[in-house]
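Below is one structure; the comments refer to it alone.
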Ligand code: 7TS
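Rendered as structure tokens:
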């Protein structure tokens, strides 16, 4: 696999070329959201300039073109996920909405007292709270997989919980946003299916940091966000197996999702429209398709390899630093481009503020993973997260700025 031509790629991202607090920006907050290449910005602009109209409605040229762009984008997502049935792709605002949709619709219909939903301590709040809500509504119980000291899931414990025969669905993350851990989804899927349960994969990080093939992964549902993979905010997709989606009631009611409306009842439009009430985010879909074209042009496997090389380089330099506490798997090959850490007694917010004053953008906080923070006995961590356009020089800038933090707090 050829290494990325990072210099050339950086030329595609206007936001990277600016000074912040008098220093060239080093953007290491990619797990929160990625920057956008001109190819995506141009696609959104072209759509609004030339084709803007509402979809599936007017019988006029612009509406036809908007519908074609919107449905073409859906086909693009289907291709990206390795499915040939675009009706299995539901547009959402992002991962959070996709998971809420499944929890409310599938969960509301299929869960009851005595049923269990299997989660893990490393889940993002977006893959916890929707299940708490539906558990409260239906009387179902939440079960949790522990996370090891190194930041991995314990599959023996999973087997033990599954052997109880009560788990109806497991909802687990593909890649941890706080640790970088890449979970063995295929192995998990096989175990979950053998126990007669379904698997929802939170793909917010997974879709952005490596190839995704929902069939090869063995997922039943896969949710992701456009903004983490070079696309616009406010757009994402939920993929689900057709027979599951077809058996689920609508999540929201409104225009676009109906077939016939009577005074007291309505019938639903077929998939995927059943789950798409109201005027959708058409420009977002167009931008997301352009982002997927861009990423596939670069090569998702090469992007992951690039991130892993940066993580290896960063870990090599950070490990000897006095006072450093690193989180996540030791082996850079077992994680995507995330490095979570603490440095001496410095509060992560102070670390982040000092780094920002040298133009280095990282994130500090609980990363919407309070259960995981509690597991490690910390309130927060500092987190640097890499993407295709980051360089070894930027890792050096991170390390140098952390030396400053050390001197300040020494
Ligand atoms: N799941 C994971 C694993 C995530 O990392 C995130 C966002 C979400 C779900 C929710 O995605 P959304 O697009 O619907 O908001 N993670 C982060 C983060 O790590 N820092 O900011 C957002």
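In the working numbering, the protein residues as written are -5 to 404.
The beta carbon of each residue, even a glycine, is placed where N, CA and C say it ideally should be.
- Per DSSP, residue 61 is not a residue of any beta strand (DSSP E); the alpha helix (DSSP H) it occupies stretches across 55 to 75.
- Here the distance from the Cβ of residue 234 to the nearest heavy atom of the ligand 7TS is not below 7 Å.
- Distances from the CA of residue 220 to each of 350, 285, 322 and 66 were compared; the closest alpha carbon is that of 285.
- Taking 7 Å as the cut-off, one finds at least one heavy atom of the ligand 7TS near enough to the beta carbon of residue 362.
- The secondary-structure analysis by DSSP pairs residue 252 across a beta bridge with 262.
- Runs of the alpha helix (DSSP H) spanning 4 or more residues and lying entirely within the region 132 to 176 occur at 149 to 156, in chain order.
- For residue 42 and residue 210, the gap between their C-alpha atoms comes out near 37 Å.
- The criterion of a C-beta distance shorter than 8 Å is not satisfied by residue 237 and residue 161.
- Beyond the five residues adjoining it in sequence on each side, residue 241 comes within less than 8 Å, by CB distance, of 103 in the same chain, given in chain order.
- Remark: the C-beta of residue 306 is outside contact range of the ligand 7TS, defined as less than 7 Å to any heavy atom.
- The beta carbon of residue 21 sits closer than 7 Å to those of 10, 29 and 355, all from its chain and outside the five residues before and after it, given in chain order.
- Cβ contact annotation for residue 25 (same chain, cutoff 6 Å, sequence separation greater than five): 171, 332 and 379, in chain order.
- At least one heavy atom of the ligand 7TS lies less than 7 Å from the C-beta of residue 88.
- Distance from residue 27 to residue 227 at the Cβ level is roughly 7 Å; contact confirmed, criterion being Cβ atoms closer than 8 Å.
- Here residue 234 is actually not in contact with residue 218; their C-beta atoms are around 13 Å apart, not less than 8 Å.
- Sixteen is the threshold: since fewer than 16 other Cβ atoms of the shown chains lie within 10 Å of the Cβ of residue 56, the residue is exposed.
- Beta-bridge partners assigned by DSSP to residue 323: none are found.
- The way I'd put it, the region 119 to 131 does touch the region 87 to 95; three or more beta-carbon pairs between them come closer than 8 Å.
- Leaving aside the five residues that flank residue 101 on each side, the residues in its chain whose CB is nearer than 6 Å to its CB run, in chain order, 128.
- When only Cα atoms are considered, residue 146 and residue -4 end up about 30 Å apart.
- Here residue 402 is exposed: its Cβ has fewer than 16 other Cβ atoms, across all protein chains shown, within 10 Å.
- Placement of the Cβ of residue 346 at a distance of 7 Å or more from every heavy atom of the ligand 7TS is found.
- With a cutoff of 7 Å, residue 26 counts as near the ligand 7TS, since its C-beta is closer than that to a heavy atom of the ligand.
- The C-beta distance from residue 150 to residue 168 rounds to 21 Å, too long to fall under 8 Å, and the pair is not in contact.
- Your pair residue 115 and residue 391 does not check out as a contact, with CB atoms roughly 33 Å apart and the cut at 8 Å.
- The beta carbon of residue 121 sits closer than 7 Å to at least one heavy atom of the ligand 7TS.
- Between residue 399 and residue 318, the C-beta gap is not smaller than 8 Å, which leaves the two residues out of contact.
- Within the DSSP bridge table, the entry for residue 363 names no partner.
- Listed as beta-bridge partners of residue 17 by DSSP are 14.
- With 16 or more other Cβ atoms from the protein chains shown falling within 10 Å of its own Cβ, residue 204 counts as buried.
- A check of alpha carbon separations from residue 251 across 257, 232 and 273 identifies 273 as the nearest.
- For residue 377, the enclosing beta strand (DSSP E) stretches over residues 375 to 379.
- Looking at the backbone, the Cα of residue 275 and that of residue 32 are separated by about 19 Å.
- Shortest gap from the CB of residue 171 to any heavy atom of the ligand 7TS: under 7 Å.
- DSSP places residue 22 in the coil class of the three-state scheme, outside both helix and strand.
- The residue among 83, 313 and 136 with its C-alpha nearest the C-alpha of residue 106 is 136.
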